[in-house]
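Q:
Chains as they are written, first to last, in the working numbering: chain A, 150 to 457; chain B, 150 to 457.
This is how it looks when you write it as structure tokens:
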């Protein structure tokens, strides 16, 4: 099934204790699209770029089946730019620069060809943009997945709550789940968030894996223990892309299939951390992914013998 | 197979954001012994208490097959006492009081009856005490597991390194693994620690689960997502007791069996967090444990369908 993806297509500059990326292509929709393209043949991207953005990257997306009719190009304007610096633990980071540029007054437009998509991935972005996309759809999609972050909880909680009421799956990290629910226990947080709209919740815990909740069930997918994390930027977006990409490919939104999708999202995210920017996702082969999936299977594989 | 356990038998007073325990029985060997008794019928405890320690708890241990010939009782002296306060996250804590009392000059004595034990659990304690126990054994046990903490890395690193050279399995938490190895990546930390003596390493990550490493393999066991963590004190000791208790019960030290032991240790530790002190372990039934083990199985259970 085809997929609509909404999110930023932008420039990042990343500093870590181990190196700097310089200005590289990033943005939620870039990572989501590249990751989902490992699973689905047709995507429709909805985003905005300036005329400083490399056409080669747009063509790369197109070569992967990502239709760019909904990717607005603004002449004489600059693309969104984010600069950040990771702390020693590579989990927390400070924002050094945020230049909204074309994003400041972005009005998304859903192209006609995208109306047939049954799966929608609302990547991290202003909730009012996410709402506008949902409003433009002729019919309720089969599955809407929302990714967001604490920034929008701080400054746009009411619009965010409106989006929440209209999505099936929410993906956020553990601190965001605590902030959104006001509960410290993730189990309690999940129970509360599942009353806000989504019927399924993914709590991403970075190097500590991811939890999948619905009303009755919990599933845990580990993160792969990595020797080196070069750059975690985009790992959450890559996770989301793999997650919804697999669901759209299999067209199966059961909890059993979502468990597989969480593992595949985690596998994709593990690649994203291996290089700066989107490079690792661009060069990824199916054979490499298959090997990595097997490592996830092995990592949690045990058979228990109950006491005799 | 029978088991020697070494560690404190003591009093704790615990404050959390949600309540206070008052003065309760605690200590590494108390938790280890209670946890291991779920699996093994014969243990030999090596520790020291003052005459303020409740005889009823000693009898409880004895009723669970824990022989107390190596539990020294000092007349006119007080038991070890620790008081601590947990932060809001329930992971980090401050020590408010440490009264060594009988522990100040403890000289452990391995009773003759314990010499037949093939499994030895060196609970968190002064490394010189752990070394003394190993020195007193007539023969190398089949398996020695060491638990320790950052405190001993700070003040007794050299004796600790001597103990490390003589054990098969080390269990420490993630921050301790980083401190001991000087490596931030847990994979690199594990590789380095595995050159220091132990052939197997367990890195405990609290609510984020536990990693099991040997030279060639990695296994990850999740922690059970809990609605409430009332008191994590003793969870690591309870984990260690379940881990070695299961290995001693099955008398199988293969990596495959250690994976099961890590899951069982995690299951036992999840109970320890449910009440202050050792109460929850005392009342635990086999039926409750069986149900909990099934929850761990379900938590990570998935089947992956590779892309067609």
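Think of the CB as a built atom: it goes at the ideal place given N, C-alpha and C, for glycine as much as any other residue. Because the structure is a prediction, the values reported are computed rather than measured.
1. For the alpha helix (DSSP H) containing residue 394(A), list its first residue and its last residue.
2. Express the C-alpha separation of residue 251(A) and residue 421(A) in angstroms, rounding to a whole number.
3. Starting from the Cα of residue 216(B), find the closest Cα among 396(B), 172(B), 206(B), 224(B) and give me that residue.
4. Quick check: the segment 168-188 of chain A against the segment 387-403 of chain A, are at least 3 beta-carbon pairs closer than 8 Å?
5. Helix, strand or coil, according to DSSP, for residue 193(B) in the structure here?
6. With a CB to CB cut of under 7 Å and the five nearest residues on each side skipped, what residues in its chain are close to residue 425(A)?
7. Name the two residues that bound the continuous alpha helix (DSSP H) containing residue 437(A).
8. Is the beta carbon of residue 311(B) closer than 8 Å to that of residue 280(B)?
9. Pair every Cβ in the segment 327-336 of chain B with every Cβ in the segment 427-439 of chain B, then say whether three or more of these pairs are closer than 8 Å.
10. Quick one: is residue 453(A) near chain B, going by C-beta distance under 8 Å?
11. Indicate whether at least one CB of chain B lies closer than 8 Å to the CB of residue 334(A).
12. Rounded to a whole number of angstroms, what is the C-alpha to C-alpha distance between residue 275(A) and residue 239(A)?
13. With a threshold of 7 Å on Cβ separation, who are the neighbours of residue 395(A) within its own chain once the five nearest residues in sequence on each side are excluded?
14. Between the C-alpha atoms of residue 436(B) and residue 247(A), what's the straight-line distance to the nearest angstrom?
15. Straight-line CA distance for residue 304(B) to residue 277(B)?
16. Is the beta carbon of residue 350(A) less than 8 Å from the beta carbon of residue 339(A)?
17. Once you ignore the five residues that flank residue 151(B) on each side, which residues in its own chain have a CB closer than 6 Å to its CB?
18. Three or more C-beta pairs closer than 8 Å, one from the segment 314-321 of chain A and one from the segment 289-305 of chain A: is that the case here?
19. Rounding to the nearest angstrom, what Cα-Cα distance links residue 356(A) and residue 323(A) in this structure?
20. For a test of the three-state rule: what should DSSP assign to residue 457(A), helix, strand or coil?
21. Using a Cβ cut-off of 8 Å, pull out every chain A residue sitting near residue 357(B), in sequence order please.
22. Anything in the segment 363-384 of chain A with a Cβ closer than 7 Å to a Cβ of chain B? List those residues in chain order, please.
23. Check residue 164(A) in the structure and name its three-state DSSP category.
24. For residue 448(B), which residues in the same chain have their Cβ closer than 6 Å to its Cβ, ignoring the five residues on either side in sequence?
25. Is the CB of residue 189(B) under 8 Å away from at least one CB in chain A?
26. Around the Cβ of residue 257(B), are there at least 16 other Cβ atoms within 10 angstroms (buried) or fewer (exposed)?
27. Buried or exposed: which applies to residue 457(A), given that a residue is buried once 16 or more other Cβ atoms fall within 10 Å of its Cβ?
28. Measure the alpha-carbon distance for residue 262(A) versus residue 438(A) and round it to whole angstroms.
29. Can you check the segment 299-361 of chain B for any alpha helix (DSSP H) of at least 4 residues that lies completely inside it and give the ranges in chain order?
30. So with CB distances below 7 Å, who are the chain B contacts of residue 463(A)?
31. Is the beta carbon of residue 196(B) less than 8 Å from the beta carbon of residue 224(B)?
32. Strictly below 8 Å CB to CB, what residues from chain B border residue 449(A)?
33. What whole-angstrom Cβ distance do residue 198(A) and residue 228(A) have, given they're in contact under 8 Å?
34. Could you tell me which chain B residues have their CB closer than 8 Å to the CB of residue 429(A), listed as they occur along the chain?
35. With 9 Å as the limit, tell me which residues of the segment 321-350 of chain A have their beta carbon closer than that to any beta carbon of chain B; keep them in chain order.
A: Taking the structure as given:
1. 384-399
2. 26 Å
3. 206(B)
4. yes
5. strand
6. 163, 170, 173, 379, 380
7. 435-448
8. yes
9. no
10. yes
11. yes
12. 25 Å
13. 188, 409, 410, 413
14. 56 Å
15. 12 Å
16. yes
17. 191, 266
18. yes
19. 12 Å
20. Summary for residue 457(A): the model assigns pLDDT 49, below 50, so the residue's position carries little reliability, and this model does not support an answer.
21. 354, 357, 358
22. 367, 368, 369, 371, 374, 375, 376, 377
23. strand
24. 371
25. no
26. buried
27. Its pLDDT being 49, under 50, residue 457(A) is placed unreliably by the model, and the measurement read from it follows with that caveat. Exposed, because fewer than 16 other Cβ atoms sit within 10 Å of the Cβ of residue 457(A).
28. 30 Å
29. 299-304, 306-313, 323-330, 335-342
30. A question about residue 463(A) goes unanswered here, because the residues of chain A that appear run from 150 up to 457.
31. no
32. 368, 369, 370, 371, 449
33. 5 Å
34. Residues of chain B passing the Cβ test: none, with the nearest at roughly 17 Å.
35. 333, 334, 335, 336, 337, 339, 340
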